[in-house]
Amino acid sequence: MPTAGAHAAGDTEENTLTIAVSQQVDSFSPFLAQLLLTTSIHRLTYDYLTNYAPETNKPIEGLAESWEHSDDGRTWTFDIREGEHWSDGEPLTAEDVAWTYTTMMDDEAAATANGNFVDNFAEVTAPDDTTVEITLDEPQSTMLALDIPIVPKHVWEDVDDFAEFNNDEFPVVGSGPFVLTDHEPNRSITLEANSQHWRGPPNFDRLVFRYYDDQDAAVEALRKGEVSFVEGLTPAQADALDGEANITVNNATGKRFEGFTINPGAETQDGVEFGDGHPALRDKTLRQAIMFAIDKDEIVETVYGGYAEAAEGYIPARYEDYTWEPEGDDRIDFDPDAAETMLDEAGYEMGDDGVRESPDGEPLELRMHVHNDDPARVAIGKLMAEWLGDIGIGIDNRTVDPGVLSDALHAGEYDLIFTGWTVNPDPDIVLGIHTCDALPTEPGTMRGDAYFCDEEYDELYEKQLAEFDDPDRRASHIRDMQAILYEEAVVNVLTYPNAIEAYRSDQIADIQVQPDPGGNIWGQDGYWSWWSAEPASEHSGAGPPGWAIAAVSAAVVLVVAGTAALVWRRRAATVGDRE
C-alpha cells in the first residue's frame with residue numbers, strides 16, 4: 001500500500017495519508033466504542049446531527065441543516081438534509097436518526113457509549129423523511145452537542161445483540177466523509193474517501209492508521225517519510241524534530257487534563273461499601289494536604305519541559321467559556337509547610353520511621369497506581385512519591401499496565417490512581433461522570449474514574465443541563481461544579497498538557513487545526529483535519545479541494561449515489577480511555 005511519500009515521488013493514482021497510532025480498537029460499533037481512536041474514526045465514517053465549527057468550537061450544521069425548539073425547550077425539531085445516501089447507495093432519511101436514538105433509549109447495550117445524551121429523551125419521531133422531532137422530559141442544554149453517530153437502520157435493525165455486535169464486516173456502511181474498509185489488528189485501519197459526501201470529498205483518497213508500539217519508532221517513521229503524522233510527542237521529541245526539513249511541529253493548547261483521583265471509599269449507588277481504600281482518605285483534610293504537597297509548576301517544567309500548563313479547574317483553559325480557577329484563600333498552592341500543619345492539627349502524628357499515623361492508629365502508607373506506558377505519568381508518580389514522603393505519607397508507587405490499573409479502579413482496591421480525560425467543546429460528558437448516578441450499581445460497573453458523590457454537585461449538574469437558552473448561566477453552574485471538585489480533592493487535576501504533533505510537510509501541504517488558531521490536529525475533532533488535509537503533491541488524484549465543492553455536493557449525490565461507488569454511552573469510559 002503506497003504512502004503519501006510514495007505519491008510525492010511520482011505515483012499519481014492515489015494519495016494516502018498515514019497516521020501513526022498506538023491505541024487499540026475497543027469496538028467499531030458506535031453503540032459500544034469508548035476509546036479515542038475508535039470514536040475519532042466514527043467522526044469520519046458517520047454523520048452526526050450537528051458538528052463543531054473548526055475555528056470556534058461552536059455548534060454548526062451537520063446532518064441537520066437547521067433546527068428550532070419550543071419556548072419551554074422540551075420539543076426540538078431538526079431539518080435533515082434531503083437526498084442523502086449511505087455508502088451502499090440506500091437513502092439516508094430522518095427515520096435513521098429516529099431509529100438510532102430510540103434504539104439507545106430502549107436497549108441498555110445500545111446506550112453503552114453515549115446513553116447519557118438520551119437519558120432525558122421522552123420520544124423521538126420522524127414525521128417525514130427530512131424531519132426529526134425530539135420530545136424531552138426536561139429542557140436539555142446539550143441538544144446541539146449530541147455526540148452520537150447516526151447509523152443506518154437497514155443494517156442495524158437486524159442486529160440481535162448490541163452488546164456483542166462489533167460492526168466489523170467491511171466495508172462498513174456509513175455516511176461520513178470516509179468509509180471504513182479494512183482493519184488488520186495491531187497493524188492498521190484503512191479508510192477510503194467517500195466521494196459522495198455532502199460536505200465535499202476529502203482531498204486524500206485514503207487514510208491509514210498504522211500501529212506503532214513504541215513512540216520513538218513512530219517518530220523515526222515520520223523522519224523516514226513512512227508515516228505522514230505523529231501525535232503525542234514528548235517535549236524532547238518535539239525539540240528534536242523542530243527545524244528538521246519537511247517536518248512541521250504543531251504545539252497546540254491542551255484539550256485534555258492529567259491528574260489523579262483519591263479513593264474516598266468505594267461504594268455502590270445503594271451505599272454498599274467494597275474495596276480496600278485506606279480509611280483515612282475519607283478525611284477531606286488529608287486529601288487537601290496531599291494537594292498542598294504537590295508542586296504543579298515543577299511538573300510543568302521538569303516533566304513537560306514547559307509544554308503544559310499547571311491546572312486547577314476541571315475544564316482546560318482553551319475552553320474559555322467554562323474554565324475556572326480558585327481565588328484567594330480558596331487556592332491550594334504548593335505549600336508543604338501548610339500541609340504538615342494541617343496534618344499535625346488533625347491528629348496525624350509523625351512516626352519514628354518518618355510515616356505518619358492516622359488518629360485511628362493506621363500508618364499513612366498509600367498505594368499509588370500509575371500507567372507504565374506513559375513516560376510523563378511515570379515521571380510525575382516519582383515526584384509525587386517524593387513530595388508526599390516529605391510530609392510523612394508513605395507511597396507504594398505501583399507503575400503498572402493500564403489493564404491492571406483499570407482492574408484496581410473497578411475493584412476499589414487502590415488509594416491514589418492516575419487519570420486523564422480529553423474534554424469536548426461541550427463538557428457535559430466529563431461533568432456527568434462525577435454525579436452520584438455514575439457510581440456503580442454493583443462493583444465493576446462504574447462509568448467514571450472516581451467514587452465521588454455530592455448532593456450539591458448533582459443539583460448543579462441538573463441545573464447546567466437544563467440551561468438550554470442561557471449559556472452564561474450554564475457556564476456559571478459549571479464553574480461552581482469545578483469549585484466543588486477542587487475543594488473536595490477527590491478528583492485532582494494536575495496539568496493541561498499541550499497537544500504536540502508533527503507532520504510531513506512534503507506529504508501534507510495544509511491541514512485544519514481546531515480551534516483555529518492555536519488548536520490541535522489529532523483528537524475527536526480530527527474530522528476537520530483529515531477531511532481538509534491537502535496533499536503536497538500537485539498530482540493528488542483527489543479532485544478539487546473539498547471546501548470549494550461543498551456547495552454542489554448534494555447535487556452530485558443525487559446523480560451518482562445509485563451506483564454505490566463506495567461499497568465501521570462514552571458514559572461508561574473509565575480512566576485513560578479518552579486518550
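Using the UniProt record's numbering, you'd call the opening residue of the sequence shown number 1 and step up by one each time. Here a beta-carbon is modelled for each residue, glycine too, at the ideal position from N, C-alpha and C.
- Per DSSP, the beta-bridge partners of GLY259 are THR419, VAL493.
- One alpha carbon belongs to PRO517, the other to GLY392, and they sit about 46 Å apart.
- Between ALA438 and GLY444 a beta carbon distance of about 14 Å is seen, past the 8 Å cut, so the two are scored as non-contacting.
- The bridge partners DSSP lists for GLY394 are GLU365.
- Distances from the CA of VAL490 to each of ILE511, TYR451, TYR496 were compared; the closest alpha carbon is that of TYR451.
- Annotation for TYR461: the continuous alpha helix (DSSP H) segment containing it runs 455 to 466.
- Per DSSP, reduced to three states, the secondary structure at TRP531 is helical.
- LYS58 counts as exposed, since fewer than 16 other beta carbons sit within 10 angstroms of its beta carbon.
- Using a Cβ distance threshold of 8 Å, ALA64 and ASN250 do not count as a contacting pair.
- ASP337 carries a helical assignment under DSSP once its states are collapsed to helix, strand and coil.
- Residue pairing by DSSP places TRP67 opposite PHE78 in a beta bridge.
- For TYR52, the enclosing beta strand (DSSP E) starts and ends at 50 to 52.
- Non-local C-beta neighbours of THR181 in its own chain, meaning closer than 7 Å and more than five positions away in sequence, comprise PHE170, PRO171, THR190, LEU191, GLU192, ordered along the chain.
- Looking at the DSSP output, HIS371 shares a beta bridge with VAL400.
- Comparing alpha carbon positions, the residue from GLU220, GLU320, PHE204, GLU267 closest to LYS255 is GLU320.
- When the five nearest sequence neighbours on each side are left out, the beta carbons in the same chain lying within less than 8 Å of the beta carbon of ASN120 are those of LEU136, ASP137, GLU138, GLN140, LEU465, in order along the chain.
- For the pair GLU325 and ILE484, the Cα-to-Cα distance works out to about 12 Å.
- Bounds of the alpha helix (DSSP H) holding HIS477 are 471 to 488.
- Residue burial is scored here from C-beta neighbours: ASP158 has fewer than 16 other C-beta atoms within 10 angstroms and is therefore classed as exposed.
- With respect to the 8 Å criterion, ASP396 and PRO279 are not classified as neighbours on the basis of their beta carbons.
- Taken atom to atom, the span from the alpha-carbon of GLY306 to that of THR253 is near 12 Å.
- In the displayed model, LEU136 falls within a strand according to three-state DSSP.
- With contacts defined by Cβ atoms closer than 8 Å, GLU82 and THR50 do not form a contacting pair.
- The beta carbon of ALA163 is closer than 7 Å to those of ALA109 in its chain, skipping five residues each way along the sequence.
- For ILE60, the closest alpha carbon among the candidates HIS369, LEU146, THR100, VAL430 is that of LEU146.
- The stretch 239 to 246 makes no contact with the stretch 454 to 473; the number of CB pairs closer than 8 Å stays below 3.
- Looking from the CA of LYS153, the closest CA among THR100, SER505, GLN24, GLY313 belongs to THR100.
- Going by DSSP, THR181 is part of no alpha helix (DSSP H) but of the beta strand (DSSP E) stretching over 178 to 184.
- According to the DSSP assignment, ILE41 belongs to the alpha helix (DSSP H) that extends over 36 to 45.
- In the three-state DSSP reduction, LEU286 falls in the helix class (H, G or I).
- In this structure, PHE418 places its C-beta atom within 8 Å of the C-beta atom of VAL370.
- Comparing alpha carbon positions, the residue from PRO149, LEU366, VAL430 closest to ILE290 is LEU366.
- Cβ contact annotation for ALA379 (same chain, cutoff 7 Å, sequence separation greater than five): VAL303, in chain order.
- Bounds of the alpha helix (DSSP H) holding ILE429 are 428 to 432.
- DSSP links ALA502 through a beta bridge to VAL230, VAL249.
- Beta-bridge annotation (DSSP): VAL151 is not paired with any residue.
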